[in-house]
Amino acid sequence: MDFVLSKEQEMARTLFREFAENEVKPLAQEVDETERFPAETVAKMQKLGFLGIPMPKEFGGQGCDTLTYVLCVEELSKVCGTTGVIVSAHTSLGADPIKKFGTPAQKEKYLRPLVSGEKLGAFGLTEPGAGTDASGQQTKAVLEGDHYVLNGSKIFITNGGKADIYIIFAMTDKSKGTKGISAFIVEKEFPGFKIGTKEKKMGIRGSSTTELIFENCIVPKENLLGQEGKGFGIAMQTLDGGRIGIAAQALGIAEGALEETVNYVKERKQFGRPIAKFQNTQFQIADMATKIEAARYLVYRAAVAKDTQKRFSVEAAMAKLYAAEVAMEVTTKAVQLHGGYGYTREYPVERMMRDAKITEIYEGTSEVQRMVISSNVIK
Amino acid sequence: MNIVVCIKQVPNTNEVKLDPVTGTLIRDGVPSIINPDDKAGLEAALRLKDAQGAHITVVSMGPPQADAALREALAMGADEAILVSDRAFGGADTWATSTTIAAAIKNLKYDLIITGRQAIDGDTAQVGPQISEHLGIPNISYAEDIQVEGDSVIVKRQYEDRYHIVKAKMPCLITALTELNKPRYMTPGGIFDAYREKEVKVWGLKDIQVDQANIGLKGSPTRVFQTFTKSLKAAGTVVQLDPEESADYMIEKLKEKFII
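Those protein sequence lines, which keep their order, are chains W and S. According to my numbering, the residues represented by the first sequence are -7 to 371, in order. According to my numbering, the residues represented by the second sequence are -9 to 250, in order.
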């Protein structure tokens, strides 16, 4: 068993870290406070190929592995959870399903601009009445000649309004339940497709989270992704990959909070000495560091599994469940160790704590992860 | 156009700490980087390549670990990389280093050679100009801007209080300043290609034509007798005076010490 990153992965980590420190960190607080989508950062990442890391070179991708992509999301999220999720949602949810299920023509038309970063991707499964129970889809798609007509709406869509290409799930045959769900590639400009309300969120406030509305939206027949009725499987397999991205985001947020806290406790003096000299601080830091390390190996393990195994649902679920809960615990402790200052916006740990919470919720709540894991353990 | 860029792998001095007891640098765990002036030189070469096309060969002399610096240069967009490395080259001062690098460059085609002004771990600023001497080509140091026009380069050369615009016919050597540009980031795919598809050639003593009397520790005329850390000999004095009184006070003190 080898726990060492390859030389190229190490060098890529250095690149992501430098980029995050120089280009992302300086904007993180402002992006959070003003709920602004960091378009300038996305443009820089596009130029550097960060939007197509685990994607094939033949379509303009970087030709790297999933672990390198995870390192990118992790390093970005260390300083800015918003930037981390923009890359994760684009790559894992927008581009990956086309890479995996797209026809050669769909790959040429949609995967190429997505992996070059020229266009941003998003994924629409969740509906007001279909969250954890994704089978309760109300959005309908009806085939009329050479096109489908979509009607319905989606909520809480990451990169909503900013993305150009959306993977949308809709019922093509309600009577068949989950076997009646199909997946579609929908362009922002398709007639009848509108962006609805933008959510005001607790954390990852620079990320654009919106409602998507379909009113007699015309989607060409050739934009059906995979086969009719196979959408639920596509959604679930896509989310397996997405969870690795979110697990990486959670890991990064936790690491960022630990780094901030270590710096703080060495400087903050009480009772005549730095609080790092008190055993309570030392023990808290020890627990934070240990849990982060455990999370790291689950996340990296899941990333490697995605490239080497046919199924990796359990690995991805365990990674996301654990990393998200570690992120919440570590950021909460980080705020506590910062005391009153930690509760103010003068220090970034309060933002990190708010950003951490969503990792326990989106792309499958922690409860959903436990369902996935237990169903594979109790057979 | 063929451009040779010389780079050196150096410890990131921003992260180097001094051992308080021995006064020596603690290099353990300190990340290595491409020397900043050299990286600006590489970026200048890459911009020439972007603008008009060029073949860039990066050359570094150093231990096997310097491979990482060359891979980084490849990941930024250099075409070829050569590591000049041999135990016989160890312990070289600037004379022996420039002799060795110049011998390696003689094996290559070049119109333009770009080196950094100086390395942050030695600060000599000698190796670049010495290489040009060994090769018998013109040298323009302290470049803050580089333009290529036909078979010539036009360089904005930095002085303390002015610039010179200098034109030289190629082949020539330029030493670059960090002010020249902001080096580009690598790309993830560039890094993977640098390790998986590109090669760092290693040239040892047998691969270059060089007089062995002029290489390595034995070929180095420079001898370092002692290194030490500057220490404060006495505590400073702080006085709060208005500007005019301050000037008088300082003059008085300087006279006291027979400095003026």
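Ideal placement from N, C-alpha and C gives every residue a C-beta, glycine not left out.
Looking from the CA of Gly128 (chain W), the closest CA among W:Val257, W:Phe161, W:Lys154 belongs to W:Phe161. Ile147 (chain W): member of the beta strand (DSSP E) spanning 139 to 150, first to last residue.
By the rule that beta-carbons nearer than 9 Å mark a contact, Thr3 (chain S) does not touch chain W.
For Lys101 (chain W), DSSP records no beta bridge to any residue. Closest option to Ile121 (chain S), judged by alpha-carbon separation, among S:Lys7, S:Asn(-8), S:Lys96, S:Lys29: S:Lys96.
Below the 9 Å Cβ cutoff, chain W contributes Gly41, Gly44, Ile45, Lys49, Gly53, Gln54, Gly55, Cys56 as neighbours of Gly179 (chain S), in chain order. In this structure, Glu66 (chain W) sits near Gly244 (chain W), with a CB-CB distance shorter than 9 Å. Here the C-alpha atom of Gly188 (chain W) lies approximately 29 Å from the C-alpha atom of Lys39 (chain W).
Using a CB distance cut-off of 9 Å, Ser(-2) (chain W) counts as an interface residue toward chain S. Unbroken beta strand (DSSP E) stretches of 3 residues or longer found wholly inside the region 139 to 216 of chain W: 139 to 150, 157 to 163, 173 to 179, 185 to 190, 201 to 212, given in chain order. With its beta carbon less than 9 Å from one in chain S, Phe11 (chain W) belongs to the interface. Of the residues assessed, Asn151 (chain W) falls on the buried side of the cut-off, its CB having 16 or more other CB atoms within 10 angstroms. For Arg293 (chain W), the closest of W:Thr253, W:Gly55, W:Gly248, W:Lys312 by C-alpha to C-alpha distance is W:Lys312. Cβ-Cβ separation between Ala87 (chain W) and Leu103 (chain W): approximately 6 Å, consistent with a contact (criterion under 8 Å).
The bridge partners DSSP lists for Gln137 (chain S) are S:Ile144.
By the beta-carbon neighbour count (other beta carbons within 10 angstroms, threshold 16), Thr74 (chain W) is buried. With respect to Ser167 (chain W), Leu216 (chain W) sits apart: the two C-beta atoms are not nearer than 9 Å.
A straight line joining the alpha-carbon of Val16 (chain W) with that of Arg9 (chain W) spans about 10 Å. Only Ala58, Arg61, Glu62, Ala65 from the region 55 to 74 of chain S bring a Cβ to less than 8 Å from some Cβ of chain W.
If you look at Leu73 (chain S), you'll find it in the beta strand (DSSP E) that goes 70 to 74.
Counting C-beta pairs with one atom in each stretch, the region 120 to 138 of chain S and the region 161 to 180 of chain S have three or more that are closer than 8 Å, which means they touch.
Taking a C-beta distance under 9 Å as the contact criterion, Ala286 (chain W) and Val322 (chain W) do not qualify as a contact pair. The criterion of a C-beta distance shorter than 9 Å is not satisfied by Thr47 (chain S) and Ile136 (chain S). Ranked by Cα distance from Ala319 (chain W), the first of W:Thr6, W:Lys70, W:Leu63, W:Tyr61 is W:Lys70. Ala224 (chain S) is outside the set of residues whose beta carbon lies under 9 Å from a beta carbon in chain W.
One thing to note: Val211 (chain W) has its Cβ within 9 Å of the Cβ of Val178 (chain W).
Taking 9 Å as the cut-off, the Cβ atoms of Pro340 (chain W) and Gly248 (chain W) count as close.
Here DSSP, grouped into helix, strand and coil, assigns Arg260 (chain W) to coil. Closest in C-alpha terms to Glu214 (chain W), from the list W:Leu7, W:Lys99, W:Ala295, comes W:Lys99. Neighbours of Ala4 (chain W) in chain S, taken as residues whose beta carbon is under 7 Å from its own, are Pro178, Ile181 in chain order. For Ala115 (chain S), no beta strand (DSSP E) encloses it, and the DSSP letter there is neither H nor E. Cα atoms of Met51 (chain S) and Leu36 (chain S): separation of roughly 21 Å, rounded to the nearest angstrom.
Fewer than three beta-carbon pairs drawn from the region 221 to 236 of chain S and the region 82 to 91 of chain S are found closer than 8 Å, and the two stretches are therefore not classed as touching. Within chain S, no C-beta atom comes less than 7 Å from the C-beta of Leu68 (chain W); the nearest is roughly 13 Å away. Here Leu329 (chain W) is buried: its Cβ has 16 or more other Cβ atoms, across all protein chains shown, within 10 Å. When DSSP states are grouped into helix, strand and coil, Gln54 (chain W) belongs to the coil group.
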